[in-house]
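Read top to bottom, the protein sequences are chains F and V. Residue 854 in the numbering used here sits at position 115 of the first sequence, with consecutive numbering throughout. Residue 954 in the numbering used here sits at position 215 of the second sequence, with consecutive numbering throughout. Idealized CB from N, CA, C, for every residue including glycine. Here is the structure we will look at.
2 protein chains.
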Amino acid sequence: MIKGNLVDVFTERIYPAEIYFSDGVIECVKPVEDKFNHFILPGFIDAHIHIESSMLTPSKFAETVVPHGTTSVVSDPHEIANVLGTRGIKYMIKDAATVPLNIFFTAPSCVPATPFETSGAIINAKEIDKLLDMDEIVALGEMMNFPGVLADDIEVMTKINAAKKHKKPVDGHAPLLSGEELCKYIKAGISTDHECTIASEVIEKRKLGMKIMLRQGSSAKNLVDLIDAGGDFIVSDDKHPEDLIKGHVNLMLKEAVQSGLDPIKAIKMATLNPATHYNLNKGLIAPGKAADIVIVDNLEDFNVKDVFIGGKKVASDGKPLFSINSPDLQSTFNIKDKVPDDFEILSSNKEEKVKVIEVIEGQLLTEESESVLKVSDGKLMPDIKKDILKISVLERYGQNKITNAFVQGFGLQDGAIASSVAHDSHNIIVVGTNSQDMAEAANKLVKNNGGLVIAFNGDHHSLKLPIAGLMSNETAAEVSLKLETLHNVLEDIGCKLDSPFMTMSFLALLVIPKLKISDGGLFDVEKFEFVDVIK
Amino acid sequence: MIKGNLVDVFTERIYPAEIYFSDGVIECVKPVEDKFNHFILPGFIDAHIHIESSMLTPSKFAETVVPHGTTSVVSDPHEIANVLGTRGIKYMIKDAATVPLNIFFTAPSCVPATPFETSGAIINAKEIDKLLDMDEIVALGEMMNFPGVLADDIEVMTKINAAKKHKKPVDGHAPLLSGEELCKYIKAGISTDHECTIASEVIEKRKLGMKIMLRQGSSAKNLVDLIDAGGDFIVSDDKHPEDLIKGHVNLMLKEAVQSGLDPIKAIKMATLNPATHYNLNKGLIAPGKAADIVIVDNLEDFNVKDVFIGGKKVASDGKPLFSINSPDLQSTFNIKDKVPDDFEILSSNKEEKVKVIEVIEGQLLTEESESVLKVSDGKLMPDIKKDILKISVLERYGQNKITNAFVQGFGLQDGAIASSVAHDSHNIIVVGTNSQDMAEAANKLVKNNGGLVIAFNGDHHSLKLPIAGLMSNETAAEVSLKLETLHNVLEDIGCKLDSPFMTMSFLALLVIPKLKISDGGLFDVEKFEFVDVIK
Chain F
740 MIKGNLVDVF TERIYPAEIY FSDGVIECVK PVEDKFNHFI LPGFIDAHIH
790 IESSMLTPSK FAETVVPHGT TSVVSDPHEI ANVLGTRGIK YMIKDAATVP
840 LNIFFTAPSC VPATPFETSG AIINAKEIDK LLDMDEIVAL GEMMNFPGVL
890 ADDIEVMTKI NAAKKHKKPV DGHAPLLSGE ELCKYIKAGI STDHECTIAS
940 EVIEKRKLGM KIMLRQGSSA KNLVDLIDAG GDFIVSDDKH PEDLIKGHVN
990 LMLKEAVQSG LDPIKAIKMA TLNPATHYNL NKGLIAPGKA ADIVIVDNLE
1040 DFNVKDVFIG GKKVASDGKP LFSINSPDLQ STFNIKDKVP DDFEILSSNK
1090 EEKVKVIEVI EGQLLTEESE SVLKVSDGKL MPDIKKDILK ISVLERYGQN
1140 KITNAFVQGF GLQDGAIASS VAHDSHNIIV VGTNSQDMAE AANKLVKNNG
1190 GLVIAFNGDH HSLKLPIAGL MSNETAAEVS LKLETLHNVL EDIGCKLDSP
1240 FMTMSFLALL VIPKLKISDG GLFDVEKFEF VDVIK
Chain V
740 MIKGNLVDVF TERIYPAEIY FSDGVIECVK PVEDKFNHFI LPGFIDAHIH
790 IESSMLTPSK FAETVVPHGT TSVVSDPHEI ANVLGTRGIK YMIKDAATVP
840 LNIFFTAPSC VPATPFETSG AIINAKEIDK LLDMDEIVAL GEMMNFPGVL
890 ADDIEVMTKI NAAKKHKKPV DGHAPLLSGE ELCKYIKAGI STDHECTIAS
940 EVIEKRKLGM KIMLRQGSSA KNLVDLIDAG GDFIVSDDKH PEDLIKGHVN
990 LMLKEAVQSG LDPIKAIKMA TLNPATHYNL NKGLIAPGKA ADIVIVDNLE
1040 DFNVKDVFIG GKKVASDGKP LFSINSPDLQ STFNIKDKVP DDFEILSSNK
1090 EEKVKVIEVI EGQLLTEESE SVLKVSDGKL MPDIKKDILK ISVLERYGQN
1140 KITNAFVQGF GLQDGAIASS VAHDSHNIIV VGTNSQDMAE AANKLVKNNG
1190 GLVIAFNGDH HSLKLPIAGL MSNETAAEVS LKLETLHNVL EDIGCKLDSP
1240 FMTMSFLALL VIPKLKISDG GLFDVEKFEF VDVIK
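Written out as structure tokens, the structure reads:
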């Protein structure tokens, strides 16, 4: 039995109560005459997150977020699915089953993200149908391919119909879609959106019946701007390990209340609303529901004292009370050792005018600039003084393709960095001042079975992400510390970006303008075609 | 395309808009700059009704309610199921399919209602499972057997589990259930209740997560009393033909607004809320939803101008624009002709002290009184001066059982009345001043294949209900007129009750105190056992 001031999300009242439960299920809620200083809340639900972005396995993620009061998440395993397909999703489900956190998944709807890159797997409509048949899969994942929806693409519509057949909702992803196109997107059966960035967008989508997820993650923070426009859920989308250590849904609730939202309304957006939408039987304090309960000190700070999942105390005073043992995963890399020459662009001229990817701090967008680069020994040379560095994408799923180009904005004076986190296909992306270090960084990364690497002066620094090249099975604190070390090293060798690895990871994301790179070549997103490096 | 002031139940706004639809489905909702005098609302949903109580077939019911703006109902075919089982439910579905009204059904959970009566059918858990597999069946019908739930009755729990398996909700029926018993009832998986009669009951149930249906039917009217306590749906439960002619959900909305409820909140209770709960894809104006739309003049009177179902105009200015042709149904009566002696209670004494059922005008409850009656020719005689009449229940499903007793409160000076509407097993119930007229009334009723009959002085008056003995396939106006004629005749022969047939129909309902009668005998509800007529 647990007692305290119960926050009742059904009638929006707070009253002293005792909660009785047995076998993990709430039996009865009894009003009592008593005074308490603490509050009983339903366990928090993050209705939209990509766990891979935390660089932690589901179980290590659970270890980090459960003490913050998170008892359920709906995770879209889009990243690992691009690497390993259904096998990757099954790994996530298997690992998730080892911890008390309720981790529900969506079936990733867009694998691969585009036909202009080599992914590790394809998830077709038939595969989606099978995934949706699983109890752990509660929805079709965010339908990023809105052009496909608008064009009545058969494969896309077959995936959506599979969700309808299984009576599971379809999540949306439709930034700034409006008017008739938005109507058509909704008519297809898509019921949520987490990409709103302006209030009028929220209002238009809500008027058409969409449920809006207000996002407050590590990358995109829209909650405060949009809260007055209304919304149904508060979600994170992506959370990085250093942020997850500080808090999760509890912090989002605190920020929502600081922005003027009524605390009970905020709590509903992280409990009742997602529980109902995804048919979870979690996140509610009522007879017959799972006994997932959070005790907080007040409804302003949401400092989490105790957390119960399925009636068991699973965290207390910020510490998890369960053990973690993530299963291992075989290396997902099928790639030959690289040599410096692999990273060269050859020319028989003395110099060449080239297209350059220009990164913008803190944005997924890039610009395109041009530069004239010298040729030495028949090889196009970077211009380190002008911060024009070399960039390469190395296909890692057995085809050994490689694309080389140039990038401006990293500021490295020496060495090279490599990452196997490169949205959405997660090939190996490398940025460097010279081919030797680029080859070293890439080879070290493969030896590590994935992760982040800095190579310079014959030295290496790594954060290993051996689970699909995306995730570590170390703790959030360890991963966060190693990432900080890498950032410090990069600062020493001149890097000007706050999060260089994250910025780099989006340079292969072909759906955000303007100039990007895949293993197939340099890619002009506005023209939606490959373009030559040399103009 | 339809245009007007759109009542947007998602964001609770009203704005001028154009609604585009094709193939019965809404394509787009476009805000426009224009002024209108009329309002566009989602089609109304009555989330809980027993169509049989209207004495109309589903298609005749549709003819009556669609012009009032009702576009969907969730009907519990509990009455016909007690007569004909699954065959009766299938008749309802088949007939419903002939009209544009969306008639969804629930699988009746309690057939028969008690083991103390002979019903025409038994619907066991296996049958329930099959019914729940049908698209037309959207929930398990009201679980009246709350003692069974509280006692973990295996058959009851198997029915509830079948609903869970099919991801369909379970409707409740738990008048005044409270505290731990209520918790146990909810924990079993029951999510709605329409039996609340006091505000504290509404609040207790809502705090425990139940969705409350505020009832405003022909018999029970709780809406006005309970509206301040909150609720999720507005429903009718039972509507009689003479009331249905005047209005349906439109009138309930009017009464809710008159009682101080915000019009948009009221509309949500008859559109968005039931649509979401029963997963109907109806009752919403948004892309991809069925184009079920109602045009009203204002949000106080809710006078319905035009009604669209699936994009087709189906009613205008109170007139249906579709034709009705109910399928016939074979006679459901398997009973031998009765003779006056069948209605006698024999005694070898000169007089006997007997238990008498005492009816209370307008209530389902009865009282028990006692009286001393004379014996003539070995037969117990009614005492017409004291208004102590004879009452009988005649089993009609082939066993030819008959039970005789006494009743006070009808006031008849002559003749007898008979009805094949007798909750819940719908055997034939007869009240009369003498055995001759009682036999005449019963035999005439069987000849009519069911319905209501008055017999006196060798004359007859009837309302035929040949569909299972419960429903007519005449229009509501015709049925209503015939019922009025019967009431006038009864007044002429001394009847003191407003609705004598309805009052009589509840005298066989064994779950409401105190003294009732079934084909098995006189029944003391408080003792929950048969008792002797002669004390």
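Would you mind stating whether A835 (chain F) and P797 (chain F) have Cβ atoms separated by less than 9 Å?
Within the first sequence, numbered from 1, the residue matching residue 835 (chain F) stands at position 96. Within the first sequence, numbered from 1, the residue matching residue 797 (chain F) stands at position 58. Yes, Cβ-Cβ distance for A835 (chain F) and P797 (chain F) is below 9 Å.
At a CB distance below 9 Å, what residues from the segment 1026 to 1056 of chain V approach chain F? Give them in sequence order.
P1026, G1027 and K1028
Which residues in chain F have a C-beta closer than 8 Å to the C-beta of T750 (chain V)? List them in chain order.
Walking along the second sequence from the start, residue 750 (chain V) turns up at place 11. Neighbours of T750 (chain V) on chain F, chain order: I942, R945, K946 and G969.
Proximity test, Cβ basis, 9 Å: K705 (chain F) and chain V
There is no way to answer for residue 705 (chain F), as the model of chain F reaches only from 740 to 1274.
How close, in whole Å, do the beta carbons of I819 (chain V) and G808 (chain V) come, if the pair is a contact with beta carbons under 8 Å?
Within the second sequence, the letter at position 80 stands for residue 819 (chain V). Within the second sequence, the letter at position 69 stands for residue 808 (chain V). Incorrect: roughly 26 Å between the Cβ atoms, too far for contact.
Does DSSP classify V1146 (chain F) as helix, strand or coil?
Position 407 of the first sequence, counted from the start, is the residue given in the question as residue 1146 (chain F). Note: V1146 (chain F) maps to strand in three-state DSSP.
I'd like the ranges of any alpha helix (DSSP H) spanning at least 4 consecutive residues and lying wholly in the segment 812 to 871 of chain V.
817 to 823, 825 to 835 and 864 to 871
If we call anything under 9 Å between Cβ atoms a contact, is T1105 (chain F) one with N1188 (chain F)?
The count along the first sequence starts at 1 and reaches residue 1105 (chain F) at position 366. The count along the first sequence starts at 1 and reaches residue 1188 (chain F) at position 449. The answer is no: Cβ separation not under 9 Å.
Between the Cα of F1047 (chain F) and those of F:I753, F:I758 and F:N744, spot the shortest distance and give me the residue it belongs to.
Within the first sequence, the letter at position 308 stands for residue 1047 (chain F). Ranking F:I753, F:I758 and F:N744 by Cα distance to F1047 (chain F) puts F:I758 first.
May I have the straight-line CA-CA distance separating Y1136 (chain V) from E875 (chain F), to the nearest angstrom?
On the second sequence, residue 1136 (chain V) is found 397 positions in, with the first residue counted as 1. On the first sequence, residue 875 (chain F) is found 136 positions in, with the first residue counted as 1. In a straight line, the C-alpha of Y1136 (chain V) is about 49 Å away from that of E875 (chain F).
Between F:N1196, F:G1117, F:I832 and F:F778, which has its C-alpha nearest F1041 (chain F)'s C-alpha?
In the first sequence, residue 1041 (chain F) corresponds to position 302, counting from 1. Of the listed residues, the one whose Cα sits closest to F1041 (chain F) is F:F778.
DSSP state of R954 (chain V) mapped onto helix, strand, coil:
Looking up residue 954 (chain V) in the second sequence gives position 215. Correct three-state label for R954 (chain V): strand.
Under 9 Å between C-beta atoms, does N1012 (chain V) make it to chain F?
The residue labelled residue 1012 (chain V) in the question sits at position 273 within the second sequence. It does not: the Cβ of N1012 (chain V) has no partner Cβ on chain F nearer than 9 Å.
Residues of its chain near T1214 (chain V), where Cβ-Cβ distance is below 7 Å and the 5 sequence neighbours each way are ignored:
In the second sequence, residue 1214 (chain V) corresponds to position 475, counting from 1. K799 and E802.
CA nearest to the CA of Y754 (chain F), picked from F:V771, F:S1159, F:L1103 and F:G1259
By one-based count along the first sequence, residue 754 (chain F) stands at place 15. If we check each option's Cα against that of Y754 (chain F), F:V771 comes out closest.
According to DSSP, simplified to helix, strand and coil, what is G693 (chain F)?
Not covered by the structure: residue 693 (chain F). The range shown for chain F is 740 to 1274.
I'd like to know whether the C-beta of P770 (chain V) is nearer than 9 Å to at least one C-beta of chain F.
Taking the second sequence and counting its residues from 1, the one referred to as residue 770 (chain V) is at position 31. Yes - at least one Cβ of chain F is within 9 Å of the one on P770 (chain V).
If contact means a Cβ-Cβ distance below 9 Å, which residues of the segment 783 to 794 of chain F contact chain V?
none
Do we get a CB-CB distance below 9 Å when we pair C935 (chain V) with the residues of chain F?
Along the second sequence, one-based indexing puts residue 935 (chain V) at 196. Not an interface residue.
Name the chain F residues that come within less than 8 Å of A927 (chain V), Cβ to Cβ?
For the purposes of this step, residue 927 (chain V) is taken as the residue at position 188 of the second sequence. Result: G1027.
Determine, for K906 (chain F), whether the minimum Cβ-Cβ distance to residues of chain V falls below 9 Å.
The residue you call residue 906 (chain F) lines up with position 167 of the first sequence. Cβ-Cβ to chain V under 9 Å: yes for K906 (chain F).
Inspect the beta-carbon positions of S710 (chain F) and G948 (chain F) and report whether they are closer than 9 Å.
Look at the range of chain F in this structure, 740 to 1274, and you will see that residue 710 (chain F) is not part of it.
Give the straight-line distance between the Cα atoms of A938 (chain V) and K1004 (chain F), rounded to the nearest whole angstrom.
If you number the second sequence from 1, residue 938 (chain V) lands on position 199. If you number the first sequence from 1, residue 1004 (chain F) lands on position 265. Their Cα atoms are separated by approximately 24 Å.
Using a C-beta cutoff of 9 Å, does G918 (chain V) count as contacting chain F?
Walking along the second sequence from the start, residue 918 (chain V) turns up at place 179. Interface residue, yes.
Under 9 Å, Cβ to Cβ, is there at least one residue of chain F near V746 (chain V)?
Counting from 1 along the second sequence, the entry for residue 746 (chain V) is found at position 7. No, no contact with chain F.
Put V748 (chain V) into one of helix, strand or coil per three-state DSSP.
Locating residue 748 (chain V) in the second sequence gives position 9, counting from the first residue. Reduced to three states, the DSSP call for V748 (chain V) is coil.
Ignore the nearest five residues each way along the sequence and tell me which others in L1128 (chain V)'s own chain have a CB closer than 8 Å to its CB.
The residue you call residue 1128 (chain V) lines up with position 389 of the second sequence. These residues qualify, in order along the chain: P1121, F1145, V1146, Q1147, F1149, L1151, V1170, G1171 and T1172.
Mind checking if V764 (chain V) is an interface residue toward chain F, Cβ cutoff 9 Å exclusive?
Counting from one through the second sequence, the residue named residue 764 (chain V) turns up at place 25. Yes, V764 (chain V) counts as interfacial toward chain F.
Per-residue contacts from L871 (chain V) into chain F (C-beta, under 7 Å):
As a working note, residue 871 (chain V) is residue 132 in the second sequence. Within 7 Å Cβ-Cβ: nothing; L871 (chain V) doesn't reach chain F, min ~13 Å.
Alpha carbons only, please: which of F:C935, F:I1032 and F:S814 is nearest the one belonging to I741 (chain F)?
Position 2 of the first sequence holds residue 741 (chain F). Among F:C935, F:I1032 and F:S814, the Cα nearest to that of I741 (chain F) is on F:I1032.
Kindly say whether N1018 (chain V), judged by its beta-carbon, lies nearer than 9 Å to any beta-carbon of chain F.
Residue numbering aside, residue 1018 (chain V) sits at position 279 when the second sequence is read from its first letter. Chain F, which has a Cβ nearer than 9 Å to the Cβ of N1018 (chain V), makes this yes.
Cutting at 6 Å between CB atoms, please list the residues of its own chain near E981 (chain F), excluding the five before and the five after it.
Your numbering for residue 981 (chain F) matches position 242 in the first sequence. Once the five neighbours on either side are set aside, the close Cβ partners of E981 (chain F) are S1219.
Under 9 Å, do E1107 (chain F) and K1235 (chain F) count as touching if we go by C-beta distance?
Translated into the one-based positions of the first sequence, residue 1107 (chain F) becomes position 368. Translated into the one-based positions of the first sequence, residue 1235 (chain F) becomes position 496. For E1107 (chain F) and K1235 (chain F), no; Cβs fall outside 9 Å.
Along the chain, which unbroken stretches of the alpha helix (DSSP H) at least 4 residues long are found entirely within the segment 991 to 1061 of chain F?
1002 to 1008 and 1011 to 1016
So the candidates are F:R954, F:K898, F:K1077 and F:T936; which of them puts its Cα closest to the Cα of A927 (chain F)?
For the purposes of this step, residue 927 (chain F) is taken as residue 188 along the first sequence, with counting starting at 1. Here the closest residue by C-alpha is F:K898.
Using a Cβ-Cβ cut-off of 8 Å (strictly less than) and excluding sequence neighbours within five positions of G969 (chain V), which residues of its own chain qualify?
Within the second sequence, the letter at position 230 stands for residue 969 (chain V). If we look at G969 (chain V) and ignore the five residues flanking it on each side, its Cβ neighbours are V941, I942, R945 and I951.
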